[in-house]
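Quick notes on the structure that follows.
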Amino acid sequence: MSALQRQGQAAKSAAYILSTAGTAKKNAALEAIAKILTERRQEWLSANREDVAAAESAGMRPALLDRLTLTEERVAEIVEGVRQIIALPDPIGRVDRMETRPNGLIIGKRRVPLGVIAIIFEARPNVTVDAAALCLKSGNVCILRGGKEAIRSNRCAAALMREALASAGLPEDCISLVQDTDRETAHELMHLDGYVDVLIPRGGAGLIRTVAREASVPVIRTGEGICHIYVDNEADLDMAADILYNAKCSRPSVCNAVECVLVQKDVAEGLWQKALPLLDRHHVELRADGEAMKILGDRALPAAESDWDTEYDDYILAVRTVDDLEEAISFINAHNTGHSESIVTANYFKAQRFLDAVDAAAVYVNASTRFTDGGEFGLGAEIGISTQKMHARGPMGLEELTSCKYVVYGEGQVR
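Residue numbers (my numbering): 179 to 593.
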């Protein structure tokens, strides 16, 4: 038996205990996690500094370095996220429906954990805690496999959380980290049938597509984020410029950042007069179609066909000019990844048409795509943004980490 199989076996054993632990015990464990991460945050920050230094030496791009880096403020936000999860209602045991059949059987549908959730993610140490806390509250055991760039940060966080679990009387193996970051272990985790109930990849398009293609365990796809903003000819252009700036520049390395802006041709010149000074603050590189190049000139580079299907995770923005709303909708549905799309318009009917016709997990009117987030949606931290349509779609909070079982009460009925 391999080391990962033993880890899976331990996780499966812990899952039986956690599934019936009850809300109070789970919340106590989460409070212990919040406390230990606060009291011993310097250990976590020190480990993270080593990761960041190694990543800088290896030439990691600034936007990805930002995603890797922990600070006092970010640790405080992560801890606050854990406490927000404590305050959320526990979905486990909730009965969604109860009815009496004509034969007298009483049939109910009850929320239960998924079981053992494996999560493969890249260089974002906050995910280690967010995912573990959500899994714990929803009664699920997690096996975490992070990227090599964050291995020191992840080892420290996992060790602290396991210590907190033990102090709260739960098995340490409710949370475990794959210590080996070789590709072989990721591949083995994708095939840990019999131990893993569902696998959630969280990262770039390459990771997600590889997992979805190769895994033999069930997969929930998350995170591919080619998000668009369409600026209509009835848009408030000051508002549009502010929304575009926020969606691209507030944190370009995350999946809800905008990657492509579509501009109705009648307002293109006016929009760029207002948007360029904002985007120039971060030296955003524009890759534009022919019509936009006539306005932007040397400020942009000609877009290649691949730019319409690229998740940059950087200060790069694809720019396309369209004739009308219908062209924008058709283009978005042809090139998006089902994540988040936004229209800026003052026309109610155009807004409703966009909401109805665009195929995505989150569709916005006059707002930044950056709001697609479990915390912003009132779900607490999310384990990822599901871009599929089965079981879970959009930010995956506690309820999306549950399944159901039917419970049936009888009085001797036979069929």
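Glycine included, every Cβ here is placed at the ideal spot set by N, Cα and C.
Local conformation of Ile329 per DSSP, three classes: Mapped onto the sequence shown, residue 329 falls at position 151. Look at Ile329 here: in three-state DSSP terms it is helix.
Buried versus exposed, by CB contacts within 10 Å (16 or more), Pro480: Locating residue 480 in the sequence shown gives position 302, where the first residue counts as 1. Pro480 comes out exposed.
Given this structure, state the Cα-to-Cα distance separating Ser162 from Asp351, to the nearest angstrom. This structure does not reach residue 162, given that the chain is present from 179 up to 593, and the question cannot be answered.
Helix, strand or coil: which one does DSSP assign to Ile521? Within the sequence shown, the letter at position 343 stands for residue 521. If DSSP states are grouped into helix, strand and coil, Ile521 belongs with the strands.
Evaluate Thr249 with the Cβ neighbour count: other Cβ atoms within 10 Å of its Cβ, from every protein chain shown; 16 or more gives buried, anything less gives exposed. Looking up residue 249 in the sequence shown gives position 71. So Thr249 counts as exposed.
Can you tell me whether Ala478 is helix, strand or coil according to DSSP? Taking the first residue of the sequence shown as position 1, residue 478 is located at position 300. The answer is strand: DSSP assigns Ala478 an E or B state.
Closer than 8 Å is the cut-off here; do at least three beta carbon pairs connect the stretch 501-510 with the stretch 375-382? no
According to DSSP, is Cys438 part of a helix, a strand, or is it coil? Working through the sequence shown from its first residue, we reach residue 438 at position 260. It is a strand residue.
Would the beta-carbon of Leu355 fall within 9 Å of that of Ala342? Working through the sequence shown from its first residue, we reach residue 355 at position 177. Working through the sequence shown from its first residue, we reach residue 342 at position 164. No, the Cβ-Cβ distance between Leu355 and Ala342 is not below 9 Å.
Which full runs of the beta strand (DSSP E) of 3+ residues lie inside the stretch 484-518, going along the chain? 494-500
Coil, strand or helix - Tyr587 by DSSP: Residue numbering aside, residue 587 sits at position 409 when the sequence shown is read from its first letter. Of the three classes helix, strand and coil, the one that applies to Tyr587 here is strand, per DSSP.
When you compare only the Cα positions, how much space is there between Phe532 and Val441? If you number the sequence shown from 1, residue 532 lands on position 354. If you number the sequence shown from 1, residue 441 lands on position 263. If you take the alpha carbons of Phe532 and Val441, they lie about 14 Å apart.
Glu589 versus Glu362 - alpha carbon distance: Within the sequence shown, the letter at position 411 stands for residue 589. Within the sequence shown, the letter at position 184 stands for residue 362. So the alpha carbons of these two residues sit roughly 53 Å apart.
Reference Val586, options Asp375, Thr278, Ala496, closest by Cα: Residue 586 sits at position 408 when you count from the first residue of the sequence shown. It is Thr278 whose Cα lies nearest to the Cα of Val586.
With a threshold of 16 other CB atoms inside 10 Å of the CB of Lys315, please say whether the residue is buried or exposed. Indexing the sequence shown from 1 puts residue 315 at position 137. Lys315 is buried by the Cβ-count criterion.
When you compare only the Cα positions, how much space is there between Ala210 and Leu338? As a first step, residue 210 is located in the sequence shown; it is residue number 32 there, counting from the start. As a first step, residue 338 is located in the sequence shown; it is residue number 160 there, counting from the start. Each residue's Cα considered, the two are about 10 Å apart.
Give the DSSP-derived three-state secondary structure of His596 in the structure shown. Examination of residue 596 is not possible in this model, given that the chain is present from 179 through 593 alone.
With C-beta atoms as the reference, is Gln566 less than 9 Å away from Ile398? In the sequence shown, counting from the first residue as 1, residue 566 sits at position 388. In the sequence shown, counting from the first residue as 1, residue 398 sits at position 220. Closer than 9 Å, so yes.
Given that a residue counts as buried once 16 or more other Cβ atoms are within 10 Å of its Cβ, and exposed if not, what is Ser520? The sequence position of residue 520 within the sequence shown is 342, counting from 1. Answer is buried; the Cβ neighbour count reaches 16.
Check whether the stretch 365-374 touches the stretch 462-469, counting contact only when three or more Cβ pairs, one atom from each stretch, lie closer than 8 Å. no
Counting only runs of 3+ residues fully inside the stretch 279-333, write out the beta strand (DSSP E) ranges in chain order. 284-291, 294-299, 319-323
Which residues mark the beginning and the end of the beta strand (DSSP E) in which Ser224 is found? Position 46 of the sequence shown, counted from the start, is the residue given in the question as residue 224. Run containing Ser224: none in the beta strand (DSSP E); it sits in the alpha helix (DSSP H), 219-235.
Can you give the beta carbon distance from Ser581 to Gly572, rounded, assuming they're within the 8 Å contact cut? The residue you call residue 581 lines up with position 403 of the sequence shown. The residue you call residue 572 lines up with position 394 of the sequence shown. Incorrect: roughly 18 Å between the Cβ atoms, too far for contact.
Along the chain, where does the alpha helix (DSSP H) containing Ile421 start, and where does it finish? Here residue 421 corresponds to residue number 243 of the sequence shown, with the count starting at 1. Where Ile421 is concerned, the enclosing alpha helix (DSSP H) stretches over 415-427.
Assuming the contact rule is C-beta atoms closer than 8 Å, Ile321 and Gln185 should be a hit. Round their C-beta distance to whole Å, please. Within the sequence shown, residue 321 is the residue found at index 143, counting from 1. Within the sequence shown, residue 185 is the residue found at index 7, counting from 1. About 6 Å; that satisfies the 8 Å criterion.
Are the Cβ atoms of Ala301 and Leu215 separated by less than 9 Å? By one-based count along the sequence shown, residue 301 stands at place 123. By one-based count along the sequence shown, residue 215 stands at place 37. Between Ala301 and Leu215, the C-beta spacing is not below 9 Å.
N-terminal and C-terminal residue of the beta strand (DSSP E) that Ser354 is part of: Sequence index remark: in the sequence shown, residue 354 carries index 176 (1-based). Its beta strand (DSSP E) spans residues 353-355.
Identify which residue in Ile561, Val260, Val307 has its Cα closest to the Cα of Cys334. In the sequence shown, residue 334 corresponds to position 156, counting from 1. Checking every option, the nearest Cα to that of Cys334 belongs to Val307.
Please report the straight-line C-alpha distance between Leu266 and Ala207, rounded to a whole angstrom. For the purposes of this step, residue 266 is taken as the residue at position 88 of the sequence shown. For the purposes of this step, residue 207 is taken as the residue at position 29 of the sequence shown. Approximately 14 Å between the Cα atoms of the pair.
Tell me the rounded alpha-carbon separation between Ser394 and Ala453. Within the sequence shown, numbered from 1, the residue matching residue 394 stands at position 216. Within the sequence shown, numbered from 1, the residue matching residue 453 stands at position 275. Approximately 46 Å, taken between the alpha carbons.
Pick out whichever of Ala390, Ile353, Arg323 has its Cα sitting closest to the Cα of Asp360. Translated into positions along the sequence shown, residue 360 becomes position 182. Out of Ala390, Ile353, Arg323, Arg323 has the C-alpha closest to the C-alpha of Asp360.
Can you give me the C-alpha to C-alpha distance between Cys433 and Pro349, rounded to a whole angstrom? The count along the sequence shown starts at 1 and reaches residue 433 at position 255. The count along the sequence shown starts at 1 and reaches residue 349 at position 171. About 33 Å.
Arg391, buried or exposed, once every other Cβ within 10 Å from all chains shown has been counted against 16: As a position in the sequence shown, residue 391 is number 213, starting the count at 1. Around the beta-carbon of Arg391, fewer than 16 other beta-carbon atoms lie within 10 Å, marking it exposed.
So, using beta-carbon positions, are Asp410 and Lys583 closer together than 9 Å? Position 232 of the sequence shown, counted from the first residue, corresponds to residue 410. Position 405 of the sequence shown, counted from the first residue, corresponds to residue 583. Their beta carbons are not under 9 Å apart, which means Asp410 does not touch Lys583 by this criterion.
According to DSSP, is Tyr526 part of a helix, a strand, or is it coil? Counted from its first residue, the sequence shown places residue 526 at position 348. Three-state result, Tyr526: helix.
Within its chain, find whatever has a CB closer than 8 Å to the CB of His513; leave out the 5 residues flanking it on each side and keep chain order. On the sequence shown, position 335 is the one that residue 513 refers to. Ile404, His406, Cys438, Trp486, Asp487, listed in sequence order.
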